[in-house]
Every structure is written in C-alpha cells, then in structure tokens.
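Okay, so here's the structure we're looking at.
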Amino acid sequence: MKELEELNLPEDLVYTKDHEWARLEGEVVVVGISDYAQDQLGDIVFVELPEVGDSFEAGDEFGTLESVKAVSELYLPIGGEITAVNEELDDAPELINQDPYDGWIVKIKPNDPGDLDKLLDRNGYMGILKGDE
Amino acid sequence: MRYLPHTQEEIEKMMARIGVSDFEELFPTVPQDCRYQGDMEIPGPLTEWDLDVHMEDIRAKMKVGPKYKVLIGAGSYHHNIPAIVPYLTSRSEFLTAYTPYQPEMAQGTLQGVFEYQTLTARLLGVDVANASMYDGASALAEALLMTLRLGKKKKRVAVSRAIHPHYRQVIAAYFQPTEFEIVELPFNEDGRTDLSSLTRNEEFAGVALQSPNFFGVVEDVESAASMVQDCGALLVSGFSEPLAFGLYKSPGSQGADIVCGEGQSFGIARSFGGPALGMFGCKDAFVRSMPGRLVGETVDLDGNRGFVLTLATREQHIRREKATSNICSNQGINTITAAMYMAALGGTGIRKLARLNYDKAEYLKASLVEAGGELVFSSPTFNEFVVGFADDFSKKQRVLRDEKIIAGLELGRYYPEFANKYLFCVTETTPKAVLDRVVEEVKK
Amino acid sequence: MKDAPGTSGLILEEPLLWEKGKKGRNGMSVSASDVPAAALPEDLVGDGPDFPDLSEVDVVRHYTRLSQWNFGVDTGTYPLGSCTMKYNPKVNEKQAATPVIAAAHPMLDDELCQGTLELIYKLEKHLAIITGMDHVSAQPAAGAHGELAGMLIIDAYHRSRNSKRTKILMPDTAHGTNPASAALCGYKPVKIESGKRGILEVEDIRQLMDEETAGIMITNPNTLGLFEENIREIAAIVHEKGGLVYADGANMNAIMGIVDLKKCGVDVLHLNLHKTFSTPHGGGGPGAGPVCVVSELEKFLPYPRISFDGSEYSRDYNRPESIGRIHAFHGNFGVLVRAYSYILTMGAENLRMASQLAVLNACYLKVQLKDYLHLAYNRPCMHEVVFSDKRQLEHKITTLDIAKRLMDCGYHPPTIYFPLVVSGAIMIEPTESECLDDLDRFVAVVRRITMEAMEQPELLTNAPQRFKVKRLDETRAARQPCLCG
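Below, the structure written as structure tokens:
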C-alpha cells in the first residue's frame, strides 16, 4: 500500500469522501476513482457499469468494482444522466490500477454543473484521508 | 476415549500453564443461567464392536435390502459403481480436507473439481458448470432465482408440472418468502410440457422443465428453448438422470440457458436420497449471476499451471446479503466421485451404458404393453416410463415384492389422476430374467 | 526448520484427464446386453459427451497423484478457525458405506425402510438433547441450508401472526452465510457493531430492536471465540418486541454439555454435523445442517417429519404450517449416519469432554502465543482464539505470509482475514483432536516464524516453496476466467 505522500492526487480534479474524482470537460463531467481507492482495492478484476441513459442523483450507487476478494460500490459525485461508459474496462479493468485518472469510468451530463463546487478539492480530500488513517 | 488424546497428566500441565485448576474455570464467561443442567441423556459410549451390533440391529429393520431389484428411479437410481470409485474417494487427502481456501496445499481437490466442472459442462452442453449445489431440487430452485436476478424487474417464473413433485415442493419452499410468483405449466397427453400458454407478454423471467421428466419422457428442449426465449424468458432444463445425455442430445446443445439437476447416478450410492449431487451449468454470459463455487485455471509465480477458487465476489463470504446465493458447503467429495465415474466410463463407455439402459427399459415397456399394460405417454423415454393397468396391480406388486422385486412406483399420491399408473425404471443392474418375471405376473 | 513436520517429498506431475487416455480404452465394465436392441428416436439422439477414454490404471494413478497434492486432517494439524477440523473417525465411514444403508431407496413406503427412519428419528432426538432445544429436523444439507430453513421458519412464524417484519439484526462478526440466508427471506440485515469487548452489548440491541425487526442472528460462541455472555438479556429484549433469536451453531464444539441453548433464549438453531459431529468435510462438502427449534415453532419444521407411534416409524406429510420441503429427499442421509455413529461412540461424557478439551487447547495456544502474535481481544476465549499480524506488519510481513510459511512447515494455516472486524485476523481453532505434543510443536513453529519475520522475511514472502505450485495468480484467474478445460 502507498503512503499518503506517495499518492497521485491531481490539483485540477474534485473528489468525494467516497474516493471518486470528477472533472468538468465541456458539458460533461468525467468520473473515476482516486489513486487512494485503487491502491486500497488492489488489482481490479471486474467493473460493473451502468447503462448509457440511466439517471442518478448525487450519491447514488451506479456500479461496482471488484478485486479478487472485495466488492466496492461506486457512488456518483454529482446527479445527472450517464452519457458514456468506459467500455474498455470490460476487457481491461486493470486500466484503473495503471492510471486511475486515465482509466475513467463514466461520463455524466450533470443536472447542475454548479454542484461540482460542493465537492472536495485536493487539500480537502487529503484532509479526509489523513482523518482515515 | 480413543479420539481424545489428552492424558490426565497433560491436562494438568496445560491447566497449570493457563492458570486454571479445573475445567469449570475455563468457562468464566458462561453465565450460570445459560448452563446445561445435569447430564445429556443420550446412549453410549459404545465400543467400535458394540456400535457394529447396534447398527446391525438398525439395518436389520430395513425390509428392502441390497438383494432387492428395485425398479424405481424417480430421482434416485441404481447403477453399478466400479470398485475404484469408493476406493479412491475414500483417500483421506480428499475426504478430510476443507474447502480449498489455501490453493497451494489443495491442488488435488482443485484440479479434481476443475475436471468435474469441465466434464459436467461437456455432458450438459453448457459453457460453464459450477462446483455443485446440494441436490437436483435445490439446484432447480436456485436456477429459477438466478433467472429472476437476470430478468431484473420480472416477478414470475413458470414451472412444468412434469418436474419431479419433490423438486417442485422445494422450489415452492424457496419462493415462499419472496415476492415472486410460480405459475404451473400443464403437460400434454404425450407427457411433454404444454408451453402453449406462454405468450409474448414477456412476463416470465424463467421457465423450468425437466428432461427426461418425472414420467421419463424426453422433452423437446430445442422447441421449448426457442419458444421460451421468444417470450423473453430463460429456459431452465432440469434433470434427475444425467446418464440420459450419454444417448440423447444435451439440453445445453439444444439451447437451454441453464441446465441443472441431480448427479447421483454417477458413482454415488442411493443412500436414502443423500448425499447426492446438484449439477449446475449455464451459458457464459450468465456466469456472474451463477450461485455456488467455481474453480478456475491460473499460473503460479513460476508460470506453472495451477487452480484456484475464483469469481468469489459472487459469493456470500464476500458479497454477504447481496450474494448470488447463501450456499457455502456444497457436495464437495461427490463432485470428485462423479468425475471419477465419468472418467472411468469414458466417452465410449457412457454411450454403451446409456444405450443398455435404454434398450432394457424399452424391452420392459414393450413387454408390459404386450401383456396388457397401457402405455400412458407416447413420447420417447430413457430408462423410466409410465404404464397403467386395467386391474389392481398392487396385489401383484406385493407378490413380486416377496420375490425381492419392487415393481414400480404408484403415481396416485403424486398425481391423483394417475392412480393405478406405475412409474418403472430399468437400469443396467436389472437382468432380463427379472423383467420377464414382472411381465409374467402382469399376464396372470 | 528441524522441529517442524514439513519437509519435501516426491511430487509427481499429472495432466488433466482429457490430456491423457486413448480412444478405445475403458476403465469400467459395461455388461453385454441381454435384450434386443430397440429403435432409437433419431431426431433426439445426440453424439454423447466428449469424454476421454481412460483405462482403470489411468484413473487410479490420476486420482492417487491428485490426492497427494492435498492436505487433510489425517495428514496433519489443521487449525482452521470456525471450521472445527477435528478427527473424522473411520468407523463412521464404515457404517455409512454398509450395503443396506448405501442401497436404501428414498421413495419406498415407510414399512420398507424402518431402519433409516429410526436412525433419523433417533439422531434428531439426540441432537435435541445435546443442544437443549425441543425439536430437530435433519433435512438441511449444509450449515447455510440450515440457516435458510431457520430463516424460513422465522418468516413463517411472523406470517402466522400477521406480523410484517423487514429487518434482522446481524453482528458484524457474523459469517457471510448469515446475511445471505436472511436476504433470501427478504430481510435486510441491520449491522450491530461489536463492542469494545468483542461481544454484543445489551444497550446496542435495545436501541436497534423494534417491531419491524424479525429477530437477531447470533453465533455463540462468536467468531472471535468469545461467549456472548449477554445472550439472555439480549434474547429478552428481542422477545419483548416480538422477535425471535436465531443461533448459528457453527461453534457448537465449544459448548456441548456445557451450555443449554434453549436456556440462553434461543428459538432456532442450526448445527453443522461436519464440524461439531466429526463428519468429513470432503474438500468442501457434503455437510449436514440440522435445524433445531423450541416447541412453539415445531409446526413450521420442514416436512416430512419422522414420527414414531411406539412401534412404527413413519413420514408425516400432513403439516399445513410447515415451511415445506427443502431437500429432494431426507437431506444428506449418509452424513447423518456418520454423526449418529459418532454420538453413540462418544456418549454424553465424552462429548462434554471434547468441548472441554477443545477449549483447553485453544486457551493453551492463547497463552503460548500471545507474546509472539498480537492478540485481538485479551479475554477468556472458548474453542478458538483470534490473533492478528499487527506486530509483523512493522516488518512488512502480513497474515498471508505467515499462513504460507506455516504450510512449508507442514501445517494447514488457520483461518485468515476473518472475522472482518480484526484487521489481518489469524483465527486458530485447534480442536480437541490435537495432543499436547502436537500443540507444543505447533507453538514452537509459530514462534520461530515470528522470529523469521524479522530476520529472514524472504522465507515468509517467498513461501510456500515445498508444494507442487508456488503462490498462484488469483488476479489472472478472475480477470480472464478459465472455468472449463
């Protein structure tokens, strides 16, 4: 497991206490899991994805990640409609382990992009992780 | 007591180390009002030899012993078991091991189960088979629950009335606390399930039939699969006699989505109905919704082939209340037994043995009809079939019983409309002379 | 390591079944037909399965070699926590395999199978006495099947009172089967956090229990090896709100003849005959999971019930309030024969002694190892004791490494990473079958491994070295599943 200072937590993302990250790209929000989450889970072997067109509220469970001996639910950082899922993960779930920021999971058309402001910045998220320790 | 190795001296030494002076002090956290009062009133201890005597007394009360020719299958079949099967399965490295959670020291069990999964998948014509369920009945109930997981919002399943009545009772018990509904499908005059009531309204998650069914009739699985799938449901094809697939097309090859049933015929003694073997397989696409353990192939650090339990995130020890089933212990050693039996029989042997069962059953069927019996269902059968008699057959059955022949199972208690109709089973274990004797009695 | 039984031996390679054999070989006699060949329904007939053809020698060598890659209780110490890997007596196997028992057909009339009915009837009576419960059904085929039966009974009970209940209380130390069984009956598990003492605290139950909760599932002793000493008060609270108390008897081996479960307030209990009552685990099964109830719930037990009128045994199907049938026939009867044989061989006094010695052995290991491994809860343990890798983690050695090193030393590892509430748990259940010499040898080995963890950690991180395979790639197995050869 990585020490906290070894974690890669980009400045330009926002985070949730459930260890998802989100990034606004034009009109859509891209969502994935943080370096901390992928490191804790270990080798990811399967990703259960929602379907394009599904709608969720912020905080809803939208899928699961499986490692060999654990299952972890995914929670949406922001409410909206799924516009894309990363289908590459079906055959290569390890993309999330290799680079959790390149290995995005879903894209959402947010109900209100302003909701992103309610999420944590890098420092805020780091604070949560330090509290977790 | 020979199973308890401690000497009094050792017990005292251990107590001294722990810091207690008697057994009572080992249980300080058990409150007085939870304590067992007095002695447990059970018999024993018996020596090994006294136990033999006692068990012999119990065995002596069995009117029908191994010398009887039991012409009844109905979910529990008498097939020859080669000596190597019990000999090898009783090897204690297999028998006294736990579930293979530490794969490096359980490769025997793991490879054995992987081979069982593979031979079972080939037998049933499915992509993948699991490491077993309790029996044919619970496998069928779990298969229907699986169709409901896959069918997401659907709430109903349909179950053929030609499925073993006990299996249907088990399905009912599993479904009792759920919000799901079971619809019963009738059978036609030819003994096959009537699927005409299925419409394209897509209300069913799964439809279950059994082939060969309880009457021994081989269902038209191919047509059933296309009808059921056209309705947007999954076809579950059950069975209680897997030897049939040595002769007949496998249910999976005919399009069934889930194939499951009882594997007792493969080297496992009848033993009053258990322990038997729930075989369970399905198409690849459904594997993540499958109940039960799975063994998979992988490699070790040096790149050598090895086997592990895998896809365990479906199971209760990881997914807990969201697991695909609550099953933990399965039928373990009986999977190895069945694989040994399939291996000993081989592709050539299973064909030959299945054909022998078929021919013998056909012989009795034709002879009984010739003797005046009425063949109740016209469809093809394997090693079981139903015959009715104009006069009361029970007296003749009694006469035959005195000659150590159990001639068929009366169906009235399971299907009131079939009183005085009898389900017969003939396997390789019944010589022609016995069959002829039954026919002779019928002719009287 | 000189003091450990583990050493290297000759391990033979053996391919998969279908990688050997030749078309035309055969390993089983099939008689020539004594009847005429019948016409076949050609449209239904297939080609038969693609099985390899092997000779009898091929099959015997194959399985003999496979067996030599395995480790069982008969091989050596198997201290797998919560699994009760006690010795499996051979005389039980002999009884289950006698031709009369093996040939018994389950669909025959009662008068033809009095012996097998008597055995089930008597076993159910003995199990009732051993547990303190009133009635028993031996039909469930495994522990989790017994749990399902128990949950169905609880569901039927509430239904019979027109009481709609949606939740069930579940300690965080519960086996995974508990929430999974409850979920099959539509109950949502409500997690109870273990208190600081590792046991359930009365106040927590008082706060969580309400009239929408069907009851509580308790394992006692719990999976930390601790007796739930508040069980009577907890049961009273649950009963007061109309709920029932379910007990998971996985750890019954600690309390035979010592605890009366009915007095504890338990309403429904399941046993694991393959744990407490010495029947072999068979590499994963078959087991048997009899379900035991108090009188009030007897009417809900699965049918057929075996009854005795003083002269004849019979199967009673007329049970209108029964949860129904949960097994095609009578459960895993062969397993019941073994357990019956065990109980009679032991008798009351030896069964109690077995529990006492099982607890004595665990307590002994606790004192002998607590200076070497971190003890999760320093409280009086029952038949098992839970340590963790907390101290070894300082040297980057984990529970998994310790487990793998134990294998090289000739031991089956304890249960690891369970219960979930202890990080890096090492759960040791020696059972009564291990004598002092064997315990001392095990202690010496574990102590030595904790030294190695500091001085020669590669012995642990590279373990095991002495088996047919080294550590296996479980990630690959799950990412690209190969489930069929």
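Chains as they are written, first to last, in this note's numbering: chain S, 1186 to 1318; chain L, 220 to 663; chain G, 24 to 508. The beta-carbon is built from N, C-alpha and C at its ideal position, and this holds for glycine as well.
Between the stretch 28-48 of chain G and the stretch 264-279 of chain L there are fewer than three C-beta pairs closer than 8 Å, too few to call the two in contact. Taking C-beta atoms under 8 Å as the contact rule, Leu495 of chain G and Leu142 of chain G fail to qualify, at a distance of about 42 Å.
Secondary structure of Tyr86 of chain G (DSSP, three-state): helix. Close to Ala1255 of chain S, with beta-carbon spacing below 9 Å, are these residues of chain L in chain order: Thr532, Ile537. Using a 10 angstroms sphere on the CB of Phe331 of chain G, the tally of other CB atoms stays under 16, which defines it as exposed. Leu320 of chain G sits close to His158 of chain G, with the two beta carbons spaced by under 9 Å. The beta carbon of Arg414 of chain G does not come within 9 Å of any beta carbon belonging to chain S, so the residue lies off that interface. As the crow flies, the alpha-carbon of Tyr386 of chain L is around 13 Å from that of Ser430 of chain L.
Under the 8 Å Cβ criterion, the stretch 345-364 of chain L counts as touching the stretch 462-482 of chain L, having at least three qualifying pairs. Between Thr366 of chain L and the set L:Gly451, L:Ala531, L:Thr318, L:Tyr296, the nearest pair of CA atoms involves L:Gly451.
Along the stretch 244-263 of chain L, the positions whose C-beta sits under 8 Å from a C-beta of chain G are Leu245, Phe246, Pro247, Thr248, Val249, Pro250, Asp252, Cys253, Arg254, Tyr255, Gln256, Asp258, Met259, Glu260, Ile261, Pro262, Gly263, read in chain order. Taking a Cβ-Cβ threshold of 7 Å, the residues of chain L close to Lys491 of chain G are Gln326, in chain order.
Taking the Cα positions, Pro470 of chain L is about 22 Å away from Glu408 of chain L.
Taking a beta-carbon distance threshold of 9 Å, Asn549 of chain L counts as an interface residue toward chain G. Residue burial is scored here from C-beta neighbours: Glu1188 of chain S has fewer than 16 other C-beta atoms within 10 angstroms and is therefore classed as exposed. If you draw a 10 Å sphere on the C-beta of Gly465 of chain L, you find 16 or more other C-beta atoms in it, and that means buried.
Put simply, the backbone Cα of Leu1194 of chain S is about 10 Å away from that of Asp1306 of chain S. Contact between Val332 of chain L and Thr556 of chain L fails: their C-beta atoms lie close to 12 Å from each other, not under 8 Å. Counting of Cβ neighbours within 10 angstroms places Pro102 of chain G among the buried residues, the total reaching 16 or more.
Scanning L:Ser379, L:Ile569, L:Val289, L:Lys662 for the CA closest to the CA of Asn49 of chain G turns up L:Ile569.
Fewer than three Cβ pairs drawn from the stretch 168-184 of chain G and the stretch 360-377 of chain G lie within less than 8 Å of each other, which leaves the two stretches out of contact. Against Glu1190 of chain S, chain L offers no close residue; the least beta-carbon distance is about 30 Å (beta-carbon pairs closer than 8 Å). Here the stretch 620-633 of chain L makes contact with the stretch 278-290 of chain L; the two share three or more CB pairs at distances below 8 Å. Around His350 of chain G, the same chain offers Gln162, Ala164 as residues with beta carbons nearer than 6 Å, after the five sequence neighbours per side are excluded.
In the structure shown, Val618 of chain L adopts helical secondary structure according to DSSP, grouped into three states. The contact set of Glu497 of chain G on chain S, defined by CB atoms closer than 7 Å, consists of Val1253 in chain order.
Interface flag for Glu1246 of chain S against chain G is unset, since no Cβ pair is found closer than 9 Å. With respect to the 9 Å criterion, Thr532 of chain L and Leu513 of chain L are not classified as neighbours on the basis of their beta carbons. Nearest CB-CB separation between Phe1231 of chain S and chain L: below the 9 Å threshold. Contact between Pro38 of chain G and Arg341 of chain L is absent: CB atoms are separated by about 17 Å, not below the 8 Å threshold. Membership of Cys386 of chain G in the alpha helix (DSSP H) is indicated by the continuous run 356-392. Approximately 5 Å separates the beta-carbon atoms of Ser598 of chain L and Gly410 of chain L; this is inside 8 Å, confirming the contact. When secondary structure is reduced to three states using DSSP, Gln162 of chain G falls in the coil class, being assigned neither helix nor strand. Per DSSP, the continuous alpha helix (DSSP H) segment holding Asp424 of chain G begins and ends at 422-431.
Annotated three-state conformation of Lys211 of chain G is strand, per DSSP.
Rounded to the nearest whole angstrom, the C-alpha separation of Leu364 of chain L and Arg221 of chain L is 46 Å.
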